[in-house]
Structures are given as C-alpha cells and as structure tokens.
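**Student:** Have a look at this one before I ask anything.
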Amino acid sequence: MAAAKKVLLVFGTRPETIKMAPVWMALKAQPERFDVKLAVTAQHRSMLDQAMRDFGLTPEFDLDVMRDNQDLFHITQRSLEGLRGVLDQFQPDCVLVQGDTTTTFVGALAAFYRRIAIGHVEAGLRTWQKYSPYPEEINRRLTGCMADLHFAPTGLSRDNLLAERINADTIHVTGNTGIDALMWILANRPPQFDRVLPERAQEAIEQKFILVTTHRRESFGAPLLESLGAIEEIAAKYADRHIVFPVHPNPNVKNIVHQRLGAKTNVHLIEPLDYVNFSHLMNRAEIILTDSGGVQEEAPSLSKPVLVMRETTERPEGVEAGVAKLVGTNRARIVDEVTRLIEDAAYRGSMTGIANPYGDGKAATRIADILASHLSQRVA
Ligand code: UD1
Ligand code: UDP
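Following the working numbering, the numbering of the sequence shown begins with 1255 at its first residue and continues without gaps.
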C-alpha cells in the first residue's frame, strides 16, 4: 500500500480556523491516506486560539506573528519567512490554504516557491473590484493563480474561476466547509452563555436582540462611523430591543466602537465569543447585522435574516436567494432596513426558511476524497 501523503494545513485567523477544522477532521479520519500537520501563522492570536480550542486543534508549527495594530507588510514578511522553515522541515506533498486572508496568500506563495502542490479551499469568490474587500479580493485572486486544486463552494465561484481561464478539471464544487463547521458545532457543543457573557448580556439574549459584528479594513474611518451611527439610532428608536455586539479586537474597530456605543444601556459590547457560543447566539438572534463573510454564509442555515453592511459582496448567492440584503454603510439606509425588518413580520418571514446556497455540511469529506485522488494520480 502507498505511503500516506503529507498534507500541511496553513491558516492564521479565526475564520480560516473555523473553516479548516472540518477539513482537518476529514483528513485525520483517514490516517492511511493522509499524514496531516497544522502550521498556524497566528496572524490572529487570541481569536485563533479560541477557535482552535472549539475544535480541539493543536498546531505542530506556530509562527506567532501577530503584533498589535499590525500592517499587511508585517504579516506577509513574518509569515513567509516562517513558512520557509516549516516547509523545509515537513516537506509536504500538498499545502492547503483557505479563503482570502494575508495568511492564505502567503501560505500559497511559500508552497509555490518550493513547488509544492496547493489546494485552495473556498476558491473563486470575486467582487472584481480591487479594493473591495481590501486586501481580500486580491489575496484570493493571487491564491487562485497559484493553486493546483480549487475547492469552489458554489457554481458561481466555479464560473468565476472559469472566467479567469483556470483549467476546469482542477475546479471542484464542494460547498463551503463553514457550513460543515456550523452543523458540527450545533450538534456536538452546547452553549455556555453563563460562562462567557456578562450578566446583563445574558438577560438581553433571553429577549429580542439584534446581533452585530464588523471588522472590514475598507470600512475603517468614515464608513465605520456611519454604521455605528446607525446602530446608535436603532438603539434609541427601539429601546425595548437589545443589540449584542461582540467587538473585533482590531484597535481600528474596538476603540471607535467603545467610544461611540459604550454608554448605551441596550447595546451590549462584549469580547469576541468562542465559536460554540457565537453559533448558538446567532441561532437566538432576531436579525443579524454584519460585514463578516462567514456570518453571511452561516445565517441562512439558522434561518436568520442578515443585513450586510458593505457596498459589495463576493457572496451574492445569499442576496440572490433572498436571505441576505446588501445595505451598505449609509446610516439612514441601515436604519430603514432594520426598521422594516422589525416592523414588517411578513417581510422578515420572506427572508427565512430558504435553503442555504453555500453548502450542505458535507464539503470537507468531498475535499478529502478529491485530494486523495489527486495526490495518488501525481505519483502514478
Ligand atoms: C483579518 C483578515 C481578514 C479577515 C479577518 C477575520 C487580513 C489582512 N485580514 O483581519 O481578511 O476577514 O481577519 O477576522 O488577512 N487582534 C488581536 N487579537 C486577535 C486578532 C487580532 O488583538 O486575536 C488585533 C491586533 O491588534 C492585530 C489587529 O487586530 O494587529 C488586526 O489583525 P489582522 O489579522 O491584521 O486584521 P483583521 O482586521 O483581524
Ligand atoms: N465568530 C465567532 N465569534 C464572534 C464573531 C464571529 O466565532 O464573536 C465567527 C463567525 O460565526 C464566523 C467567523 O467567526 O464563522 C467569521 O469571522 P470574521 O467575521 O472575523 O471573518 P470573515 O468571515 O469576515 O473573514
């Protein structure tokens, strides 16, 4: 029997961890086929560790690159340098990266420099706009140029890759592994709100609440202030409703959010939640207001209407299916859209109960099977 293939998973942030965990589980379940190791850049430190704990992941290599308020040069340089050593030590047959972060791009670049096969999980999402999302659109395109296997979550992402003349035989529509992660967590891990939420927030989530997250680089400054102004206005307009807001630790987000919303009694600013509790929290929310990619994909599985505070989205499938609405960052528009969802039950209902266009929870096993077949052919 052929020796197990050496596969290195490279990731560094919270969403990559969540979406790679099911892939890690699927590969680990077949030790005769795969010798799997994890290399984390730790571009995120606390949120990476938090997400790894949720799935019981322990990395074999940890580059620990995060610095407070880091810039893109820092993450790129430190990760690339660190990954050289990891690749030389482990000498994988294949490197898997996920998504569109700077770790994703650099993980692919390092593998390319060593001529190691690259699999890209969540390939092919595009806005076709260079700076939106920034720098993710370009990170994803550059990773696509280098990848040998493209795991596209949807037919649309496959079409995007074909439009870039990527060889059709290398593209596989698998669904998004984030949906596998969500289903696994909801089935296997109960919430522990009393352990992670302040007392007032625990009371709030027993009532009607709006769940908010925001973190995108292209929104820093004026757009973020607009969105926060909208949240302030909604909190004043609907004093009987709560707003629960786990705040991203990026200082460009955290400081402004606390300055702007810290004093509002029905706005609960909390630390980032572990994925187990966040998943269950989404499941209880009345409305979700976010600029997160992952949250946009997860909300339909929980039958939650999601308003996307961005001008563009590389995930139009949810908008087309009617479960998500792109509302931008304009204050008045966000307030109007939330008002409509609160006041018009029929409208709110029309955004729920729609099949999730992003996946069926089986993406990771598909990826493992495709990878096994690809790696065995390379040897033959
Ligand atoms: C990164 C990704 C983005 C992804 C997002 C998910 C890049 C350039 N950006 O953005 O694509 O959507 O993660 O959340 O790859 N920080 C902490 N603790 C943490 C994590 C971050 O304190 O656990 C703070 C640090 O000060 C850090 C800053 O946040 O310097 C920014 O982190 P960084 O990874 O550069 O950018 P994000 O905005 O988190
Ligand atoms: N998430 C989490 N805790 C939080 C907020 C979000 O576990 O407090 C999860 C969320 O369910 C999703 C992922 O983190 O799976 C999204 O991460 P983020 O919004 O930071 O990044 P993006 O998806 O926009 O790249």
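Yeah, the Cβ is synthetic: ideal placement off N, Cα and C, and Gly gets one too.
If we ignore side chains and look at the alpha-carbon of each, how far apart do I1420 and K1260 end up?
**Tutor:** In the sequence shown, the residue the question calls residue 1420 occupies position 166. In the sequence shown, the residue the question calls residue 1260 occupies position 6. Their backbone Cα atoms lie some 25 Å apart in a straight line.
**Student:** First and last residue of the alpha helix (DSSP H) that includes T1271?
**Tutor:** Here residue 1271 refers to the residue found at position 17 when the sequence shown is read from its first residue. Element bounds for T1271: R1268 to K1282.
**Student:** Assuming K1616 is part of the alpha helix (DSSP H), what are its boundary residues?
**Tutor:** Taking the first residue of the sequence shown as position 1, residue 1616 is located at position 362. It is not in any alpha helix (DSSP H) - K1616 carries neither H nor E in the DSSP assignment.
**Student:** Pick out the complete alpha helix (DSSP H) segments inside the region 1487-1541, 4 residues or longer, and give them in chain order.
**Tutor:** DSSP runs (the alpha helix (DSSP H)) wholly in the region 1487-1541: 1505-1515 and 1529-1538.
**Student:** With a 10 Å radius around its C-beta and 16 neighbouring C-beta atoms as the bar for buried, classify A1634 as buried or exposed.
**Tutor:** As a working note, residue 1634 is residue 380 in the sequence shown. The predicted position of A1634 is uncertain, since its pLDDT is 43 and thus under 50; a value taken from the coordinates is nonetheless stated next. Exposed.
**Student:** Please indicate yes or no: does the CB of N1323 lie closer than 6 Å to some heavy atom of ligand 1?
**Tutor:** Residue numbering aside, residue 1323 sits at position 69 when the sequence shown is read from its first letter. Yes; taking the cut-off as 6 Å, the Cβ of N1323 has a heavy atom of ligand 1 nearer than that.
**Student:** When you compare the region 1435-1446 with the region 1506-1513, are there three or more beta-carbon pairs, one atom per stretch, that lie closer than 8 Å?
**Tutor:** No, they do not touch.
**Student:** For F1463, which option in I1497, A1493 and P1477 has the closest C-alpha, if you only look at C-alpha atoms?
**Tutor:** As a position in the sequence shown, residue 1463 is number 209, starting the count at 1. The shortest C-alpha separation from F1463 is found at I1497.
**Student:** In terms of residue numbering, what span does the beta strand (DSSP E) encompassing A1422 cover?
**Tutor:** The residue labelled residue 1422 in the question sits at position 168 within the sequence shown. Run containing A1422: none; DSSP gives neither H nor E here.
**Student:** Flag this pair as yes or no: are the beta carbons of T1424 and L1396 separated by less than 7 Å?
**Tutor:** The residue labelled residue 1424 in the question sits at position 170 within the sequence shown. The residue labelled residue 1396 in the question sits at position 142 within the sequence shown. No, the pair does not count as a contact, with Cβ atoms beyond the cut-off.
**Student:** Could you check whether A1293 and L1262 sit closer than 7 Å to each other, using their CB atoms as the reference points?
**Tutor:** As a working mapping, residue 1262 is identified with position 8 in the sequence shown. As a working mapping, residue 1293 is identified with position 39 in the sequence shown. Yes, the pair counts as a contact, with Cβ atoms nearer than the cut-off.
**Student:** Which residue from E1376, N1430, L1311 and L1465 puts its Cα closest to that of V1290?
**Tutor:** Residue 1290 sits at position 36 when you count from the first residue of the sequence shown. The shortest C-alpha separation from V1290 is found at L1311.
**Student:** For R1569, tell me which candidate among R1594, G1353 and K1616 has the shortest Cα-Cα distance.
**Tutor:** The residue you call residue 1569 lines up with position 315 of the sequence shown. Among R1594, G1353 and K1616, the Cα nearest to that of R1569 is on G1353.
**Student:** For a test of the three-state rule: what should DSSP assign to A1458, helix, strand or coil?
**Tutor:** In the sequence shown, the residue the question calls residue 1458 occupies position 204. Helix.
**Student:** Would the region 1574-1586 and the region 1472-1482 be scored as touching if the rule is three or more Cβ pairs under 8 Å?
**Tutor:** Verdict: yes, contact present.
**Student:** Does Q1631 come out as helix, strand or coil in the three-state DSSP assignment?
**Tutor:** As a first step, residue 1631 must be located in the sequence shown, where it is residue number 377. Three-state result, Q1631: helix.
**Student:** Of the choices T1428, Q1297 and N1323, whose alpha-carbon is the least far from that of P1276?
**Tutor:** Here residue 1276 refers to the residue found at position 22 when the sequence shown is read from its first residue. If we check each option's Cα against that of P1276, T1428 comes out closest.
**Student:** Compute the beta-carbon to beta-carbon distance between L1341 and A1365, rounded to the nearest angstrom, for a pair I have assumed lies under 8 Å.
**Tutor:** Here residue 1341 refers to the residue found at position 87 of the sequence shown. Here residue 1365 refers to the residue found at position 111 of the sequence shown. That pair is a contact at about 7 Å.
**Student:** May I ask which residues mark the beginning and end of the beta strand (DSSP E) holding V1294?
**Tutor:** In the sequence shown, the residue the question calls residue 1294 occupies position 40. Its beta strand (DSSP E) spans residues F1288 to V1294.
**Student:** Check whether the Cβ of T1467 sits closer than 6 Å to any heavy atom of ligand 1, and report yes or no.
**Tutor:** Here residue 1467 refers to the residue found at position 213 of the sequence shown. No, since every heavy atom of ligand 1 falls outside the 6 Å radius drawn around the Cβ of T1467.
**Student:** Residues in its own chain within less than 6 Å of D1614 by CB, not counting five upstream and five downstream?
**Tutor:** The residue you call residue 1614 lines up with position 360 of the sequence shown. Cβ neighbours of D1614 beyond the five flanking positions: G1429.
**Student:** Here's the rule: buried if 16 or more other CB atoms are within 10 angstroms of the residue's CB, otherwise exposed. What is R1454?
**Tutor:** Start at 1 with the first residue of the sequence shown, and residue 1454 comes out as number 200. Exposed, since its Cβ has fewer than 16 Cβ neighbours within 10 Å.
**Student:** Could you check whether the Cβ of S1386 sits closer than 6 Å to any heavy atom belonging to ligand 1?
**Tutor:** Against the sequence shown, residue 1386 aligns to sequence position 132. No, ligand 1 has no heavy atom inside 6 Å of this Cβ.
**Student:** Whose CA, out of P1477, E1487 and I1542, lies closest to the CA of P1500?
**Tutor:** Counting from one through the sequence shown, the residue named residue 1500 turns up at place 246. When only C-alpha atoms are compared, the closest one is I1542.
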